[in-house]
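> Numbering-wise (our numbering), the sequence shown opens with residue 42 and increments by one. I am attaching a structure below and will ask some questions about it afterwards.
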Amino acid sequence: MLNQNFIDMCGQKSVIRELFAYGSERARDIGYENVFDYSLGNPSVPTPESFTKEMIRLLQTENPVTLHGYSPSLGIDSVREAVAVSLNDRFDMNYQKEDIFMVSGAAGAIAHCARAVTVLGDEILTFAPFFPEYMPYITATGAVLKVVPADTSSFQINFDAFINMLNDKVMAVLINTPNNPSGIVYSTETIDKLAMILKEKEEEFGHPIYIISDEPYREIVFQGVDSPFVAAHYHNTLTCYSFSKSISLPGERIGYIAVNPACEDAALLVDMFGQISRGIGHNCPPSIIQLAVVKSLYETADLSVYETNKNILYTELTKMGFDIVEPGGTFYMFPKALEDNAIDFANKAKKLDLLLVPSDTFGVPGHFRISYCIPTEKVERSIPVFQKLVDLYA
């Protein structure tokens, strides 16, 4: 018998992916330059030259059996060691090779962490607005994902609602900073308050509460914005990282989990991730990609275009009357729609070949997401189209 859960998911496909597919088809009909597609968070800048050169060097000089063979279940030792050293250098931490698990991107990292720290019926809390794929990532583990309502004035954590939702079934809190879809970066004050509350609740409930920190946008932080390294503020932190955004490698599906050495059961968790991989058929991200990213651990792609695009959009759209909490990072912003029904608003934009993602699946009604990882000249040419959209509500 076919699995009904996945049959049901066929009718709940990603709004983002479907809008991106529509945009691609529309571009074939009327030309890419005429479709202003702000749907998918697909990096628009090339990888650093160091990564490309290292890939070429590996292919030309290293043993093909090594490059294309299985890696150890926990990742290649030299890569794990290099990741640990880079984190220590950058964030004054104390990671060792044994604290690092190589994984197929941040999505795979989150799925591993959720399985490691929950059993059937346990709860994980996350904060709106949130990446909608969190729902299948978590529910497939047997845990229950519950969403803390948003503080739409700042998109920092709504602590009153959060405290009311904490109970002894909560085993983890899933956070995403810098945040998709809002572009907001949780401040040091926010992270410290979160850590204080969780420490108190750990004592009250008599079990650890882990922070699963989803950090693929960690390097995309704009000038002057406070962006703390979460694990430095809370011992029981599992850091989920992907190289997809920092060095523009989304298609290579490579990242890691870093288990804070001060975390409860730290020595056991990484070994557990290896066994979880056996259970979900994940084993071993590509060896050659693991080896190549080592050369880029202290680098990023040229991410400056994202701040340029943010400044243009934030300035021009606020002039038009859009209510926007200014992003502190990523390549997203999350304005309030010009009507309560975000889907109707996005459909009006779609008729102008302006593709915006309605906010319903992000857990916040009445907003829309702009993914501005597109060429700056196209951002500039989209401004009159936004004005046409505004004029429809005049």
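Even for Gly, the Cβ is constructed at its ideal location relative to N, Cα and C. Every value quoted in this text rests on a predicted model; they were computed, and no experiment measured them.
#1: Could you tell me which whole beta strand (DSSP E) segments of length 3 or greater appear in the stretch 354–427?
#2: What's the call for THR53, buried or exposed, on a 16-neighbour Cβ count within 10 Å?
#3: Identify which residue in GLN316, ARG319, SER287, TYR275 has its Cα closest to the Cα of ALA303.
#4: Runs of 3 residues minimum, wholly inside the stretch 198–282: which ones carry the beta strand (DSSP E) assignment?
#5: Do the CB positions of PRO368 and GLY247 come within less than 7 Å of each other?
#6: Any idea what DSSP makes of VAL188, helix, strand or coil?
#7: So which of MET206, GLN45, PRO190 has the shortest CA-CA distance to ARG199?
#8: Can the beta-carbon of VAL366 be found less than 7 Å from the beta-carbon of PHE196?
#9: Give me the Cα-Cα distance between ILE415 and GLU421, rounded to the nearest whole angstrom.
#10: For LEU115 versus LEU108, is the C-beta distance shorter than 7 Å?
#11: How is GLY322 classed by DSSP in three states: helix, strand or coil?
#12: Given ASP78, which residues of its chain have a CB within under 6 Å of its CB, disregarding the five upstream and five downstream residues?
#13: Which residues mark the beginning and the end of the alpha helix (DSSP H) in which TYR178 is found?
#14: Along the beta strand (DSSP E) that carries THR159, what are the first and last residues, could you check?
#15: Could you please give the first and the last residue of the uninterrupted beta strand (DSSP E) stretch that includes VAL106?
#16: What separation, rounded to the nearest whole angstrom, lies between the Cα atoms of ALA148 and TYR178?
Put simply:
#1: 409–412
#2: For the sequence presented, residue 53 should be read as Gln rather than Thr. GLN53 is exposed by the Cβ-count criterion.
#3: TYR275
#4: 211–217, 251–255
#5: no
#6: strand
#7: Sequence check: residue 199 is Asn here, not Arg. Looking at the Cα atoms, PRO190 is the closest of the given residues.
#8: yes
#9: 10 Å
#10: no
#11: coil
#12: GLY64, LEU396
#13: 175–180
#14: Premise fails: THR159 is in no beta strand (DSSP E) and is neither H nor E.
#15: Careful: VAL106 lies outside any beta strand (DSSP E), inside the alpha helix (DSSP H) at 105–109.
#16: 8 Å
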